[in-house]
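Chemist: For what it's worth, UniProt numbering labels the leading residue of the sequence shown as 1, then goes sequentially.
Every residue gets a Cβ at the ideal spot worked out from N, C-alpha and C, and that includes glycine.
Handing you this structure, nothing more for now.
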Amino acid sequence: MSSVIKINEKANHPQPIITASGDGMPGLDIVEYGDYAFVIQSIQARLEGQYRARFQLYVQEDYGQDLWDQLERDIQADNPEVERLCAVFDTVEARTFTFGDAMEGEGPRMFPSLRNNVFVYPRFRVAMARVPMFRQHGISSEDFIWAESDAGLAEFLKDMSRRQRQYDREQVTVFKDTRDGLDRERESLTRGVRRDEVVMNEGVKTEIYRSIDEFFAQDRHFFQTYGLPYKRGILLYGKPGNGKTTLVKSIAGSVDAPVAYWHITEYTTSDSIQEVFEAAVRMAPMVLVIEDIDSMPESARSYFLNTLDGATSKEGIFLIGTTNYPEKIDPALMNRAGRFDRAYEIKLPDEEQRRSYLLLKRLHELLDDEAVAVAARATEGFTFAQLGELYVSAALRKHYEHTVDVEQLVREMNAELGKGRTQLWHSDQKSSRVGFTTG
1 MSSVIKINEK
11 ANHPQPIITA
21 SGDGMPGLDI
31 VEYGDYAFVI
41 QSIQARLEGQ
51 YRARFQLYVQ
61 EDYGQDLWDQ
71 LERDIQADNP
81 EVERLCAVFD
91 TVEARTFTFG
101 DAMEGEGPRM
111 FPSLRNNVFV
121 YPRFRVAMAR
131 VPMFRQHGIS
141 SEDFIWAESD
151 AGLAEFLKDM
161 SRRQRQYDRE
171 QVTVFKDTRD
181 GLDRERESLT
191 RGVRRDEVVM
201 NEGVKTEIYR
211 SIDEFFAQDR
221 HFFQTYGLPY
231 KRGILLYGKP
241 GNGKTTLVKS
251 IAGSVDAPVA
261 YWHITEYTTS
271 DSIQEVFEAA
281 VRMAPMVLVI
291 EDIDSMPESA
301 RSYFLNTLDG
311 ATSKEGIFLI
321 GTTNYPEKID
331 PALMNRAGRF
341 DRAYEIKLPD
351 EEQRRSYLLL
361 KRLHELLDDE
371 AVAVAARATE
381 GFTFAQLGEL
391 YVSAALRKHY
401 EHTVDVEQLV
411 REMNAELGKG
421 RTQLWHSDQK
431 SSRVGFTTG
């Protein structure tokens with residue numbers, strides 16, 4: 001719900017202390033402010049001349065680039081709702097291009113650049129401009145928003161928020177901490193993983209999906225009935241390749257809510273933690289997946305825990321943490337309510353699960369039922385990832401040799417896996433190990 005806040009003012013239409021003409025501060029020469037004011041006044045004059053209305057300059061108080069991201073998408077999609085009024089500077093670029101994705105059959109595309117142009121949403125009487133600012137050491141940019149009225153801006157923001165949420169549902173947001181700060185990308189939802197394609201313990205699977213479905217129920221009846229806070233956190237742990245990522249993909253593809261992945265690295269800091277959770281709160285209700293949570297740097301762990309404990313930091317967020325190394329997890333993550341509520345071990349598949357997975361991969365199209373059963377029995381200790389590789393190897397063998405000895409394939413794979421465990425890579429190698437030494 002939007003609102004316009006009114007405050008008492010000491011005079012009708014009070015005048016600024018300092019003006020671009022220098023009134024109010026005789027003898028003071030503010031060069032940079034004069035340049036800034038000239039640009040702003042020029043844009044404002046063009047707006048008012050074009051639309052026959054007075055525009056007011058606004059600043060966005062809360063953090064975020066969502067408005068500008070949405071504007072950029074509108075520009076690239078040639079949305080008729082937005083108009084390019086004019087360029088700001090005549091000798092700064094006003095158009096840009098992309099090569100397009102050749103794999104998707106896309107060619108080069110040209111369109112107005114986000115920087116150095118004034119864009120207007122006429123229906124709301126709102127204008128946006130990312131204006132180049134000339135500094136001593138180069139060109140930076142400042143973002144400006146104008147509107148004819150508070151009411152028009154409020155309607156514009158509601159519309160942008162609605163469209164942003166729809167976009168968030170259609171794309172996966174990926175956060176990654178880098179040397180240069182938090183990187184944020186969007187990835188299209190490719191073919192998702194159906195829930196019936198997830199092979200795991202049925203009891204655990206049912207419990208996880210049930211908690212997800214209750215969280216995103218439209219009326220939140222469950223949480224209201226039992227007086228529960230509208231937040232939830234689960235931790236998935238197990239050996240690499242056991243299906244944690246597949247489970248998460250099935251969740252992402254089956255909930256009608258935004259999903260974000262956060263890749264923690266050695267560059268994760270308190271600043272990036274705050275940035276991720278601020279973005280998550282704006283997207284809520286949503287799913288936030290924190291991959292390899294054991295990688296959280298020691299210097300950032302305390303701030304991360306405090307963020308999880310915040311009264312509103314997780315409101316509307318279903319948090320999923322994953323780790324291959326639960327022994328490295330800070331015990332404080334699990335020893336306090338409101339952080340991670342449950343931890344689920346994603347175990348190695350048993351024989352029946354291995355058989356179900358191999359059938360899901362369509363191994364029965366390469367082998368008869370008895371051979372599939374043999375493969376399921378012979379692959380004890382295999383992860384789902386290794387079972388997937390068994391299918392690929394069988395398909396290659398079938399394609400080139402027209403026959404598949406699945407027991408031989410399993411023996412070969414076990415031999416290779418054994419080399420990885422023992423580090424004895426050569427057949428004549430007795431005891432030397434391959435690896436790195438320190439000292």
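1. Thinking C-alpha only, which one of HIS402, VAL287, ARG220 is nearest VAL174?
2. For GLN408, list the residues DSSP reports as bridge partners.
3. According to DSSP, simplified to helix, strand and coil, what is ILE293?
4. Below 8 Å, can you find three or more Cβ-Cβ pairs linking the stretch 184-198 to the stretch 245-260?
5. Assuming GLU48 and PHE55 form a contact by the criterion Cβ under 8 Å, report the distance between their Cβ atoms to the nearest whole angstrom.
6. Starting from LEU236, trace the beta strand (DSSP E) in both directions and tell me its first and last residue.
7. Quick check: ARG84 and PHE119, are their CB atoms within less than 8 Å of each other?
8. Short of 7 Å in beta carbon distance, which residues of its chain neighbour LEU363, apart from the five on each side in sequence? Order them along the chain.
9. Under the DSSP definition of a beta bridge, which residues are partnered with PHE97?
10. On the three-state DSSP scale, how would you describe ASN306?
11. How about TYR344: is its Cβ closer than 7 Å to a heavy atom in the ligand ATP?
12. Under 8 Å by Cβ, that's how I've got ILE293 and THR323 pegged, so tell me the actual separation to the nearest angstrom.
13. Beta carbon of PHE384, beta carbon of PRO349: below 8 Å?
14. Quick check: the Cα distance between ILE329 and LEU308, rounded to an integer number of angstroms?
15. Specify the secondary structure class of LEU228 as computed by DSSP and reduced to three states.
16. Excluding the 5 residues flanking LEU236 on each side, which residues of the same chain have their C-beta closer than 6 Å to its C-beta?
17. Taking all protein chains shown into account, decide if GLN65 is buried (16 or more other Cβ within 10 angstroms of its Cβ) or exposed.
18. Could you check whether the Cβ of ARG84 sits closer than 8 Å to any Cβ belonging to chain D?
19. Suppose only complete runs of 4+ residues qualify. What are the alpha helix (DSSP H) ranges in the stretch 374-406, listed by chain order?
20. Thinking C-alpha only, which one of ARG115, ARG52, ALA279 is nearest VAL92?
21. Just the Cα atoms here: how many angstroms apart are ILE43 and GLY100?
22. Give, in chain order, every unbroken run of the alpha helix (DSSP H) that is at least 4 residues long and sits entirely within the stretch 150-195.
23. With respect to the beta strand (DSSP E) encompassing GLN56, which residues constitute its N-terminal and C-terminal limits?
24. Apart from the five residues just before and just after SER188, which ones in its own chain have a Cβ nearer than 7 Å to its Cβ?
25. Between ARG411 and SER250, what straight-line distance do the alpha-carbon atoms span, to the nearest angstrom?
26. Could you tell me how far apart the beta carbons of PRO285 and PHE216 are, in whole angstroms, since I believe they sit closer than 8 Å?
27. Specify the secondary structure class of GLY49 as computed by DSSP and reduced to three states.
28. Is it right to say SER302 is buried, meaning 16 or more other beta carbons lie within 10 angstroms of its own, or is it exposed?
Modeler: This is what the structure gives:
1. Reading the sequence shown from its first residue, position 174 is the one you call residue 174. Among HIS402, VAL287, ARG220, the Cα nearest to that of VAL174 belongs to VAL287.
2. As a working note, residue 408 is residue 408 in the sequence shown. BP columns for GLN408 are empty, so no partner.
3. Within the sequence shown, numbered from 1, the residue matching residue 293 stands at position 293. Three-state DSSP puts ILE293 in a helix.
4. yes
5. Position 48 of the sequence shown, counted from the first residue, corresponds to residue 48. Position 55 of the sequence shown, counted from the first residue, corresponds to residue 55. At roughly 6 Å, the Cβ-Cβ gap stays under 8 Å, so GLU48 and PHE55 are in contact.
6. Taking the sequence shown and counting its residues from 1, the one referred to as residue 236 is at position 236. Taken as a continuous stretch (DSSP letters only), the beta strand (DSSP E) holding LEU236 covers 232-237.
7. Locating residue 84 in the sequence shown gives position 84, where the first residue counts as 1. Locating residue 119 in the sequence shown gives position 119, where the first residue counts as 1. Yes, these two residues count as a Cβ contact at 8 Å.
8. Residue 363 sits at position 363 when you count from the first residue of the sequence shown. Only VAL372, ALA375, TYR391, ALA394 meet the Cβ criterion.
9. Taking the first residue of the sequence shown as 1, we reach residue 97 at position 97. DSSP output for PHE97 lists MET110 as bridge partner(s).
10. Here residue 306 refers to the residue found at position 306 of the sequence shown. Residue state, collapsed to three classes: helix.
11. With respect to the ligand ATP, the structure shown offers nothing to examine, as it has no ligands at all.
12. Here residue 293 corresponds to residue number 293 of the sequence shown, with the count starting at 1. Here residue 323 corresponds to residue number 323 of the sequence shown, with the count starting at 1. ILE293 to THR323, Cβ: 5 Å. Contact.
13. Residue mapping note: residue 384 aligns to position 384 of the sequence shown, counting from 1. Residue mapping note: residue 349 aligns to position 349 of the sequence shown, counting from 1. Yes. Within cutoff.
14. Within the sequence shown, residue 329 is the residue found at index 329, counting from 1. Within the sequence shown, residue 308 is the residue found at index 308, counting from 1. In a straight line, the C-alpha of ILE329 is about 15 Å away from that of LEU308.
15. Residue mapping note: residue 228 aligns to position 228 of the sequence shown, counting from 1. Note: LEU228 maps to coil in three-state DSSP.
16. As a working mapping, residue 236 is identified with position 236 in the sequence shown. For LEU236, where only same-chain residues beyond five positions count, the Cβ hits under 6 Å are LYS244, THR322, TYR344, ILE346.
17. Here residue 65 is taken as the residue at index 65 of the sequence shown, counted from 1. The residue is exposed, with fewer than 16 neighbouring Cβ atoms inside 10 Å.
18. Absent from the structure is chain D; it holds one protein chain and no more.
19. 384-401
20. Here residue 92 refers to the residue found at position 92 when the sequence shown is read from its first residue. Checked all of ARG115, ARG52, ALA279; the closest Cα to VAL92 is ARG115.
21. Position 43 of the sequence shown, counted from the start, is the residue given in the question as residue 43. Position 100 of the sequence shown, counted from the start, is the residue given in the question as residue 100. Computed Cα separation, rounded: 32 Å.
22. 150-170
23. On the sequence shown, residue 56 is found 56 positions in, with the first residue counted as 1. Element bounds for GLN56: 56-58.
24. Residue mapping note: residue 188 aligns to position 188 of the sequence shown, counting from 1. Contacts found: GLN171.
25. Position 411 of the sequence shown, counted from the start, is the residue given in the question as residue 411. Position 250 of the sequence shown, counted from the start, is the residue given in the question as residue 250. The straight-line gap from Cα to Cα measures roughly 32 Å.
26. Position 285 of the sequence shown holds residue 285. Position 216 of the sequence shown holds residue 216. So it is a contact: roughly 6 Å between Cβ atoms.
27. On the sequence shown, position 49 is the one that residue 49 refers to. In the structure shown, GLY49 sits in a helix (DSSP, three-state: H, G or I).
28. Looking up residue 302 in the sequence shown gives position 302. By the neighbour-count rule (16 or more Cβ atoms within 10 Å), SER302 is not buried but exposed.
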